[in-house]
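Line by line, the protein sequences give chains A and B.
Count the first sequence with my numbering and you get residues 7 to 313, in order.
Count the second sequence with my numbering and you get residues 7 to 313, in order.
Take a look at the structure below.
There are 2 protein chains.
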Amino acid sequence: MSLLVVGTVAFDAIETPFGKTDKILGGAATYISLAASYFTKDIDLVSVVGGDYPQSAIDMLKSHGMRLDGLQIKQDQKSFFWSGRYHTDLNSRDTLATELNVLADFDPILPEHTRNCDFLMLGNLMPKLQQRVMEQLTRRPKLIVLDTMNFWMDTAFDDLVKAISQVDVLTINDSEARQLSGEYSLVKAAQKILEMGPKVLIIKKGEHGALLFNKEQVFFAPALPLEDVFDPTGAGDSFAGGFIGYLAQTKDISFDNMKRAIIFGSAMASFTVEKFGVERLVGLSQEEVEERVQEFIDLVQFDISLV
Amino acid sequence: MSLLVVGTVAFDAIETPFGKTDKILGGAATYISLAASYFTKDIDLVSVVGGDYPQSAIDMLKSHGMRLDGLQIKQDQKSFFWSGRYHTDLNSRDTLATELNVLADFDPILPEHTRNCDFLMLGNLMPKLQQRVMEQLTRRPKLIVLDTMNFWMDTAFDDLVKAISQVDVLTINDSEARQLSGEYSLVKAAQKILEMGPKVLIIKKGEHGALLFNKEQVFFAPALPLEDVFDPTGAGDSFAGGFIGYLAQTKDISFDNMKRAIIFGSAMASFTVEKFGVERLVGLSQEEVEERVQEFIDLVQFDISLV
C-alpha cells in the first residue's frame, strides 16, 4: 500500500568517538524512506533541499524506489545542515551547528496523487508543518505515525499537542515521554499520552530497546547487543521507517502485527548504527535483513509452558 | 536438588522518594533464599547475625522452608546494618551508613550436609569468603553462581578474579561488567569476562532487563514495565535467587533452561521492587508467580515466520 513520508532531507556532519565525517547525507525522511524501502516500493517522499543537494543522492533515493515528485529543490538556496558531536557513551550529544537554510520557510505541498495515501509517516518537523500535511489529505489514511522530539515540547507545545491528537501512532524517546506527560514511570506516562489522542505509543529507549503501548497491552522489543555502535544518528528514524514500511507491506495494523513491525524497525536501526550516516542502510540485501531479524528472534525467544 | 545460599543476612534502613523505613530485614542471602524458595524447599542458608536478629525473622525464613543450621548467631554482637537513600530516578543511591558488626570477622562454616550441595549461590560478599566457601566443598556442585559488586573490584581485585575463575555463572550489573573488562561495549565486555573462567555471564541492567551470555549465544530478558518501582533494594538478589532456584527445581543447566530461569528470576525481582524490603517477597502464592511470568511472556512474545 502507498506510503507517504514527510520530513527533512539534509546534510549532517558527525563526530563520534570513532571518527568524524564531512558533510554526508542525513535527515529524518532520508533514513525513514530508506528503511521503509526494504518493505515497500510504493513510497512518496515530500521534503525540500537546496541547489547543493547532489544528483547522486537523488539517484540513490530513486534506486531505492522512492517517488520524488514532492521533493522541492530550491536551486538558489542551501540544504538544511546539522552538525553534532557524540559523547563517549553515545547516549548524549552536543549540537555544533544547525543551519535551517531551505527549511526556514518550507511549505510541504503534497503532490495530488499522495493526498489519498494509505500510510503517512510524519518525520520529526515543526508541528505546524506536520498539521499542514494532514490538512491536505483528501481521505483519512489507514495509519498516521508521527515522530517528534523534546525541542518542539519546549518551543511549540500547544501545536504539538494538537498534531499528536490527530495521529494514530506517536513515537518518542523515554525522556520525551516523561517530559510530555509529567510522569516518571513510563507506564503512567504512556497512559497519559494515550489520552491525548494516539491509539498507540512507541517509546524508544535507544540501546535499551523500545516499548509499544496501546490502552490495554504492552510489548517490548530489545535492541540488538552490538559489538560496536559506531554512529547512532538516524537510528530512531530507521526504526520508524522499518516499522511503517512493514505495516504498509503487510496491510495489517493490528497490535500483533505492530509487534512484528517493531522488530523489523529495530533490525533496520541496528544496521544504521553500524556505520556513519546512511552508509549501512543503502543497498542491503533481503537476506541481510532476514538474518538480522532472525538474530532478534534468537535473542528473546524462550519457551515456558505454565501449567 | 539441594541449594546452598551463602551471603549476608542483615538489617537495612532505606529512603526512597516514596518513603523511608526503620530497620527492616535485608541482606543478599535473605532475598536470594526467599526468591529461590518458590522453586525448591531444599535450601540451606549460611550466614551470620547478631543477638539483635529477631526470632520472628528466623521463623519467617523457616516457614519458607530454609534450613538454618549454617546461620551463626553471635548473641553478644549486632547484625550487619546498611542504610541508603535512593535518588529520584531510583537508579542511583547514596550509602548513609555501613556497620559491619558481625560481618567484620565472619567465617562461613558449611554444615557437613551442605558440603556436597548440588547448587551453590555465592551472594555478594568479600571474595576471600566466597573462596573460603568453595574450599569446604567435598565435591563440585552441578552449578556455582557468584554475585559481586564494584566495591570488590576497587578493593580486592585479585581475590575477586580468582573467585570468578572458579565459578560457572557470574552475575554483575552493566557498569560493573565495563569496569571488570575495561570494555564499554557489553558484547566485548562479555567476551573478555567469559575468558576469565565463568561459562556463563549474566549482566543485570535493572529496569532495562538482563543479558545472558555464553561464548556462542546471547539472550535478553526484559524487566517488566511497572507503574511504580517503590524500592529497588534486593532486586538483583531476588533475580539471582529466582534464577538458581528454578535451575535447582528443574535440574537442567542447559542454556535454553537458563533462558527460562532468567525470566523466573526477573519475575521475582519485579515483585521485590513493588514494596519496601522483603515485604512483597514473603508469602507470595504460586498463582501470583505464574501470573507474573505470564506477563513476561506476553511482554516479549511475537510471531514472525521468515521464509
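The beta carbon of each residue, even a glycine, is placed where N, CA and C say it ideally should be.
Around the beta-carbon of A/E213, 16 or more other beta-carbon atoms lie within 10 Å, marking it buried. Between the region 74-81 of chain A and the region 42-57 of chain A there are three or more inter-stretch CB-CB distances shorter than 8 Å, so the stretches are counted as touching.
For the C-beta of A/Q255, not a single chain B residue is nearer than 7 Å; the gap to the nearest is close to 13 Å. According to the DSSP secondary-structure assignment, B/F87 is paired through a beta bridge with B/F17, B/E105. Using a 10 angstroms sphere on the CB of A/T36, the tally of other CB atoms reaches 16 or more, which defines it as buried. For A/D153, no alpha helix (DSSP H) run applies; the uninterrupted beta strand (DSSP E) run containing it begins and ends at 149-153, by DSSP.
Considered as a whole, the region 137-181 of chain A harbours 156-161, 163-171 as its complete alpha helix (DSSP H) runs of no fewer than 4 residues, in chain order. For chain A, the residues of the region 231-253 of chain B that bring a beta carbon within less than 7 Å of one of its beta carbons are P231, L232, E233, D234, in chain order. By the Cβ-count criterion, B/P147 is buried, with 16 or more other Cβ atoms from all chains shown falling within 10 Å of its own Cβ. A direct Cα-to-Cα measurement between A/M159 and B/G57 gives close to 57 Å. Annotated three-state conformation of A/T120 is helix, per DSSP. Per DSSP, the unbroken alpha helix (DSSP H) holding A/I250 starts and ends at 241-256. Restricting attention to A/Y190, A/P60, A/R91, the CA atom closest to the CA of A/E21 is found in A/R91. No Cβ of chain B is located within less than 8 Å of the beta carbon of A/L207.
In the DSSP annotation of this structure, the continuous segment of the beta strand (DSSP E) that includes A/M127 starts and ends at 125-128. At least 8 Å separates the beta-carbon of A/G251 from that of A/T120.
Relative to the Cα of A/S244, the nearest Cα in the group A/A275, A/D111, A/R99 belongs to A/A275. A/T154 is positioned such that its CB atom lies closer than 8 Å to that of A/N130. By the CB criterion at 8 Å, B/E233 and A/V206 fall outside the cutoff. Taking a cut-off of 8 Å for Cβ pairs, the region 221-237 of chain A and the region 251-264 of chain B do not touch, as fewer than three such pairs fall below it. The criterion of a C-beta distance shorter than 8 Å is not satisfied by A/E297 and A/F236.
Per DSSP, the beta-bridge partners of A/D50 are A/L10, A/R73. In the three-state scheme derived from DSSP, where H, G and I count as helix and E and B as strand, A/V299 is classed as helix. For B/V193, the uninterrupted alpha helix (DSSP H) segment begins and ends at 192-200. Per DSSP, the beta-bridge partners of B/D100 are B/R91. About 17 Å separates the beta carbon of B/V151 from that of B/V167, a gap too long to meet the 8 Å contact definition. The beta-carbon separation of A/F125 and A/L149, rounded to 5 Å, stays under the 8 Å limit for a contact.
Any Cβ of chain A closer than 8 Å to the Cβ of B/E182 would place that residue at the interface, and such an atom is absent. For B/P238, the closest of B/F219, B/F249, B/F277, B/L217 by C-alpha to C-alpha distance is B/F277. For A/A195, same chain residues with a beta-carbon under 7 Å away, outside a window of 5 residues either side, are A183, R184, S187, E189 in chain order. Ranked by Cα distance from A/L287, the options A/Y44, A/S8, A/N156 are led by A/Y44. According to the DSSP assignment, B/L40 belongs to the alpha helix (DSSP H) that extends over 34-42.
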